[in-house]
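Numbering (this note's numbering), first residue to last: 454 to 603.
The beta carbon of each residue, even a glycine, is placed where N, CA and C say it ideally should be.
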Amino acid sequence: MEKMKAEAAEGAKAQAAKDDVLIQQYLKDKGIMNAKKTASGLYYVISKEGTGPNPTPGKKVTVNYTGINLQGEKFDSNVDTAFHHVEPFTFDLGTHQVITGWDEGVALLNKGAKGTLYIPSGMAYGPNARAAAIPANAILVFDIELVDFK
Numbered sequence: 454m455e456k457m458k459a460e461a462a463e464g465a466k467a468q469a470a471k472d473d474v475l476i477q478q479y480l481k482d483k484g485i486m487n488a489k490k491t492a493s494g495l496y497y498v499i500s501k502e503g504t505g506p507n508p509t510p511g512k513k514v515t516v517n518y519t520g521i522n523l524q525g526e527k528f529d530s531n532v533d534t535a536f537h538h539v540e541p542f543t544f545d546l547g548t549h550q551v552i553t554g555w556d557e558g559v560a561l562l563n564k565g566a567k568g569t570l571y572i573p574s575g576m577a578y579g580p581n582a583r584a585a586a587i588p589a590n591a592i593l594v595f596d597i598e599l600v601d602f603k
């Protein structure tokens, strides 16, 4: 059992290193030079500053978002009518209702702020494929606006 855990941890570490290289190359290819990286490996760019404090775990946050993969395929959005759900999305921050990259990334925004999150696979769905546009170990890119939080 311990050997399996150690192998899984090594695999996750190796995948995180691969993801980091891919994200850095993506940012370079897109001419994005102002991305910041968190200690966990999440990259982000704040494109519009908001006002007030940032939300903390347990707060109910409301966002607008669009998600793409590194190939540019849009896989979900609540602002694009093609996805048939154009209402703001609400969830409790830091309670694992969403992928880890969202819990961490949305906490970097304040009310009204807009940003882009470049989420390594380990902070998204990891080795679990979710759809054709989200294969195993997919790095995800989300444009997110923090509409409000309470």
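| V594 - containing beta strand (DSSP E), residue span | Position 141 of the sequence shown, counted from the start, is the residue given in the question as residue 594. Unbroken beta strand (DSSP E) run through V594: 593-602.
| request: Would you give the residue range spanned by the beta strand (DSSP E) that Y571 belongs to? | output: Your numbering for residue 571 matches position 118 in the sequence shown. Taken as a continuous stretch (DSSP letters only), the beta strand (DSSP E) holding Y571 covers 567-572.
| message | By DSSP's criteria, A548 is part of a beta bridge. Which residues make up the other side? | response | In the sequence shown, the residue the question calls residue 548 occupies position 95. Contrary to the premise, residue 548 reads as Thr rather than Ala in this sequence. None; T548 has no bridge partner.
| query | Are K456 and K512 touching if we call contact CB-CB under 8 Å? | reply | In the sequence shown, counting from the first residue as 1, residue 456 sits at position 3. In the sequence shown, counting from the first residue as 1, residue 512 sits at position 59. Not a contact, by the Cβ cut-off of 8 Å.
| said: Applying the 10 Å Cβ sphere with the 16-neighbour rule, what's the burial state of I552? | reply: In the sequence shown, residue 552 corresponds to position 99, counting from 1. I552 comes out buried.
| The alpha helix (DSSP H) spanning K456 covers which residue range? | The residue you call residue 456 lines up with position 3 of the sequence shown. Note, K456: alpha helix (DSSP H), 455-482.
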